[in-house]
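Per the working numbering: the sequence shown = residues 7 to 95. Built from N, CA and C at the ideal position, the CB exists for glycine as well. Note that this is a predicted model, so its numbers are computed, not measured.
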Amino acid sequence: MARGPSGRIIIEIDPAFKRDLHSALAADGLSLKNWFLKQGAEYLVERKQPGLPGINYTAITNDPIALVAEEPAKYKISSLREPKSLNED
Numbered sequence: 007m008a009r010g011p012s013g014r015i016i017i018e019i020d021p022a023f024k025r026d027l028h029s030a031l032a033a034d035g036l037s038l039k040n041w042f043l044k045q046g047a048e049y050l051v052e053r054k055q056p057g058l059p060g061i062n063y064t065a066i067t068n069d070p071i072a073l074v075a076e077e078p079a080k081y082k083i084s085s086l087r088e089p090k091s092l093n094e095d
């Protein structure tokens, strides 16, 4: 693929794949350009600083932000006790 100084990216893909992609993105309220820019920004962020497990990186308006997603706790608390005040012995 040729590289030039313009801001255009031209790729040749299967027409059925292009149609399916446009359809899925339209259902999600996205354009192919917006989706591509978001995916590209996420890729560059991940490439500069690899992510940690459990943390999802996303790009909104070209500003990368981190959204923390923790797994649910795998333990139960059997009872809750009120903490002692500092004045109690």
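How many angstroms separate the CA atom of residue i from the CA atom of residue j?
i, j, result
"Ser37", "Leu43", "10 Å"
"Leu50", "Pro56", "10 Å"
"Asn68", "Trp41", "Confidence in Asn68 is poor, its pLDDT being 44 and thus under 50, which makes the residue's placement too unreliable to answer from."
"Ala22", "Gly13", "26 Å"
"Asp26", "Ile16", "18 Å"
"Pro59", "Ala33", "29 Å"
I want to see whether chain C comes within less than 8 Å of residue i, judged by CB atoms only; does it?
i, result
"Gln45", "Absent from the structure is chain C; it holds one protein chain and no more."
What are the boundary residues of the alpha helix (DSSP H) that includes residue i?
i, result
"Gly46", "38-54"
"Asp26", "21-33"
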